[in-house]
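Q: This is the structure I have questions about; it appears just below.
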Amino acid sequence: MESVVERYLARIESGCLPLGAGVVADYIPELARVDPDRFAVSLVVHDGHIYSVGDSDTQFTIQSISKALTYALALRECGVDVVDATIGVEPSGEAFNEISVDHSTRRPRNPMINAGALTAAALLIRPETMPTAPTTRQEWAPHLDAAFARILDFYSGCAGRQLSMDAAVYRSEMATGSRNRAIAYMLQSFGVFPPHPQATVDLYVRQCSVRVTSDDLAVIGSTFANGGVNPRTGRRMVDGQIARRVLSVMTTCGMYDGAGDWVTSVGLPAKSGVGGGILAVLPGQLGIGVFSPRLDEHGNSVRGVRACRLLSEDLGLHMF
Ligand code: DON
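Heads up, the sequence shown is in this note's numbering, so the first residue is 4 and it goes up one at a time.
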């Protein structure tokens, strides 16, 4: 029988479906092949129960939502001091793919824009654990494979099921991603990271190509809402301090140059991806996953933003 929450989510769906604005990302050619009209909302409450409406079992690529997860894993593996010495926590007010570095600190401004996300991925390749640091892209390759295996394991633990990579989207971004290569070489010139820039881009593009559903995003959100413990599996993925740090940076930087508008109107930590996903969190209570592929000018899902806004207004979720 349909629950009251599901009936409410069906109302959210009818409030969002008429919105026809926005365009599907096509700068990664494979992303242009998705059905632009797909729509799903999922909620995971504190006991781990999932409520969803729409295409909640449709898989799409996680894209930039991965940045929050890789940042969490870098904090877990390398510690806050190493990560803070390498990546800032200040909102940049810039587009996600800006060729950007803070000239005074020589660090990327935050882990949610591509420059900071590439750097977080580079930290996971961990050259300091190797007897001699590799030099060529080929020599870095096995370390990259090992780092991606840890990333996939971490994302899967947060989602509570085994996730996998969409190889077609991965190949499509690798074939066209000059902007990320430019950012990686620029960062290397600033001495930000030692691994080979191409290996770093490869790892980052793999993480962006991990397939999720809106249910997965909501479970991942609930893991962070729950202080780092997945409420469905009971598995601790990060400690409470790291969960708090990641949610703080999502609040200020997760929606890029749309962050100010988002925080004032929706008031929840969130992270968007050009695959059309949005992950939002009400700390202590709720994980939210939304999917709709048409994007606004910031690269955020148009209907996804509307759905979160409606949820926040109707249920009084705004944190302030
Ligand atoms: O690096 C890129 O351009 C993509 N793999 C991810 C960008 C993204 O999702 C931005 N978010 N809305």
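Note that CB positions come from ideal geometry on N, CA and C, so glycine has one too.
Per DSSP, which residues does R309 bridge with? Please list them.
A: None, per the DSSP bridge assignment.
Q: For a quick check, are the C-beta atoms of A221 and G292 less than 8 Å apart?
A: Yes; because the gap between Cβ atoms is below 8 Å, this pair is in contact.
Q: Using CA atoms only, rank isn't needed, just tell me which of S167, Y11, C256, Q288 is closest to I65.
A: Nearest of S167, Y11, C256, Q288 to I65, Cα basis: S167.
Q: Nearest CA to the CA of Q141: which residue from S217, E101, P200?
A: Answer by Cα proximity: P200.
Q: For P272, count neighbouring C-beta atoms within 10 Å of its own C-beta (all shown protein chains included) and say buried if the count is 16 or more, exposed if not.
A: Buried: at least 16 other Cβ atoms inside 10 Å.
Q: By DSSP, does I68 sit in helix, in strand, or in coil?
A: I68 falls in the helix class under three-state DSSP.
Q: Near G270, which residues of its chain fall below 8 Å by C-beta distance, leaving aside the five closest residues on each side in sequence?
A: Hits under 8 Å: S315, L320, H321, M322, F323.
Q: Rounded to whole angstroms, what's the CA-CA distance from Y11 to M189? Just pull it up for me.
A: Spanning the two alpha carbons is a distance of roughly 48 Å.
Q: Verify the contact flag: E176, CB atom, against every heavy atom of the ligand DON, threshold strictly below 7 Å.
A: Yes.
Q: Please confirm if the segment 117-127 is in contact with the segment 180-196, defined as three or more CB-CB distances below 8 Å between the two stretches.
A: They touch, by the three-pair rule.
Q: Quick check: is any heavy atom of the ligand DON less than 7 Å from the C-beta of N113?
A: Result no, Cβ not under 7 Å from the ligand DON.
Q: Determine, using beta carbons only, whether F99 comes closer than 8 Å to chain B.
A: Absent here is chain B; the protein component of the structure consists of one chain.
Q: Cα separation between L22 and V305?
A: Taking the straight line joining both Cα atoms gives about 8 Å.
Q: Counting along the chain, where does the beta strand (DSSP E) carrying I291 start and finish?
A: Residues 289-294.
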